[in-house]
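The working numbering applies: residue 322 is where the sequence shown begins, and numbers increase by one.
Where a beta carbon is used, it is the ideal one built from N, C-alpha and C, also for glycine.
All figures in this text were calculated on a predicted structure; none of them were measured in a lab.
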Amino acid sequence: MSASTLPPWDSIAFTFGTEPAVLTSVQRCSNVTVDYYGTIATNQIANPPPTAPYNIVVYAGGSQPLLIPVNNTATSGQYRWRVDLPAGQTYAVSMMDARGYSGGILAPNMRVIAGTNCNVASPLKPATLDVVVSGNSQCGQTIVSVNNGTAPYTIQIVSANNGQQKTIHFATSPFAITLDVSAGVEYFLSLSDSAGHSSVEGLYVAAASSENGCLGAAATVSSGMVSTLYPGGTSALSTATASAVPGSGPNGLASGAIIGIAVAVPLVAIVLVLLGLWFCYKRNRRQRKRNAAEKPDIDPYDPAEPDVQGGYTPVPTSYFGSGPNGGSYQDLSQRPADRHTVISEGATSSSGAGASSMGVSEKRRNLLNPDSHGLGPIASEPFSPSGAGGQASHSGMPPLPPAYSPSPGHAS
């Protein structure tokens, strides 16, 4: 197994030790001096350098990780720690700076024995995650299932023999890790979810196996933190199947950032679907408008086309020029006050005269359309322009409406 297929071990930002150096049998309520240094091997400054204040981190099976504030302002110094942990248990002891960078793990693990005159409450808090772990063989698969957590999840392999943690992020549960820990080595598994719940599982001891290709294969982060988010599932981990997501939190991705990504993806998908529907609606609406413009509901009238239903042919009318009888249209401006009076040339107004009656009948014959249904040409009274000035001279009465027919003897 090559180094590229295994998640790397965490970087070391500073170092620390204890007095006494070995804490395999520490009496409860006794004092331990913790020495911490702001440099790594041969006085080198880590990248990034450590940030005060520090915390002592204690890992105990069945509990949440215990943080003990050092309250330091300098990156190097001492801290006097009163060990009030319950007796009869084994603990892994680590340190973290203010941004979550590790100072390594104390080796070997610490064991606490009963002390005298020590009647204090345990500082440990029960685990808040229900975790099931299966598989502990060297270079084998370890399957981890979180039953009550909120994805995504973070797991740390805490091994005193390695002197450092390995931090891995998973999007779902269950998930599988390759246990690249030598047979006989003690280790804890520390888990947390995006809602702040946590649990420490162990103590475990790696079982012997014929597989040893994973030992020493994983690299160590040289600077910063690894924020790769693995998809989860029970298949073996490989960086080729992981999705790298940059993070700014001390343990990789910030919980808020991961939750934001998980919430934003479906929202963006919904917005894209709605936009697609809106564009389809607009396109269909424009198409309907184009179709309506190309095919109007009412065809425009074309005077060149005949009226098929009525058979009507427009009659051209000239308002100036000759009338149908060869004369000009009469001047209607000097119409008599009595519309039934007929004035002819060389005659004065007369009511009841035979000539007048004949004139009316003649006018009526000329005005009536002989083909009212066919709308043939309408005869009109000839007009003499010489009568326009001076004394009016008319050859007959003005045109009457076709529907008008005076009763006999009514003309005056």
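Here I389 has I377 as same chain residues with Cβ atoms under 6 Å from its own Cβ, once five neighbours each way along the sequence are excluded. Counted as a single uninterrupted DSSP element, the stretch harbouring K446 is not any beta strand (DSSP E), since DSSP gives it neither H nor E.
Exposure of Q365 is indicated by the presence of fewer than 16 other C-beta atoms within 10 angstroms of its C-beta. Residues of the same chain with a CB within less than 8 Å of the CB of Q385, apart from the 5 flanking positions on each side, are L445, K446, P447, A448, T449, S519, S520 and V521 in chain order. The beta carbon of A367 sits closer than 8 Å to the beta carbons of S332, I333, A334, F335, T360, I361, Y422 and S544 from its chain, once the five residues preceding and following it are set aside; these are given in chain order.
A distance below 8 Å separates the beta carbons of T411 and L524.
When DSSP states are grouped into helix, strand and coil, T437 belongs to the coil group. Under the DSSP definition of a beta bridge, G398 partners with Y357. A residue is called buried once 16 or more other Cβ atoms fall within 10 Å of its Cβ, and W599, having fewer, is exposed. Nearest Cα to G461 within the set G424, S530, A585 and V453: S530. Close CB contacts of G484 within its chain, under the 7 Å cut and outside five residues either way in sequence, are with G425, I426 and A428 (chain order).
The region 498-513 makes contact with the region 465-474: 3 or more CB pairs, one atom from each, lie closer than 8 Å.
Counting other Cβ atoms within 10 Å of its Cβ, Y602 stays below 16 and is therefore classed as exposed.
The C-alpha of F496 is placed about 10 Å away from the C-alpha of H490. Per DSSP, the beta-bridge partners of F491 are Y474 and Y551. For E532, there is no enclosing beta strand (DSSP E), since its DSSP letter is neither H nor E. Spanning the alpha carbons of F337 and V506 requires a straight line of approximately 21 Å.
Judged by beta-carbon spacing, Q459 lies within the 8 Å limit of L500, meaning their Cβ atoms are closer than that value.
According to DSSP, G461 shares a beta bridge with no other residue.
DSSP places N393 outside both helix and strand once states are collapsed to three, so it counts as coil.
Apart from sequence neighbours up to five positions away, the residues of its chain that approach G436 with a beta-carbon distance below 8 Å are Q348, R349, C350, S351 and A408, ordered along the chain.
Note that the C-beta distance between V379 and V414 is below 8 Å. For the pair L344 and M431, the CB atoms are nearer than the 8 Å cut-off. DSSP, reduced to helix, strand and coil, places L524 within a strand of the structure shown. For L593, the secondary structure class from DSSP, reduced to helix, strand or coil, is helix. Note that the C-beta distance between A527 and N468 is not below 8 Å. Membership of F335 in any beta strand (DSSP E) is not indicated, and neither H nor E is assigned to it by DSSP. Around the beta carbon of K610, a 10 Å sphere encloses fewer than 16 other beta carbons of the protein chains shown; the residue is thus reported as exposed.
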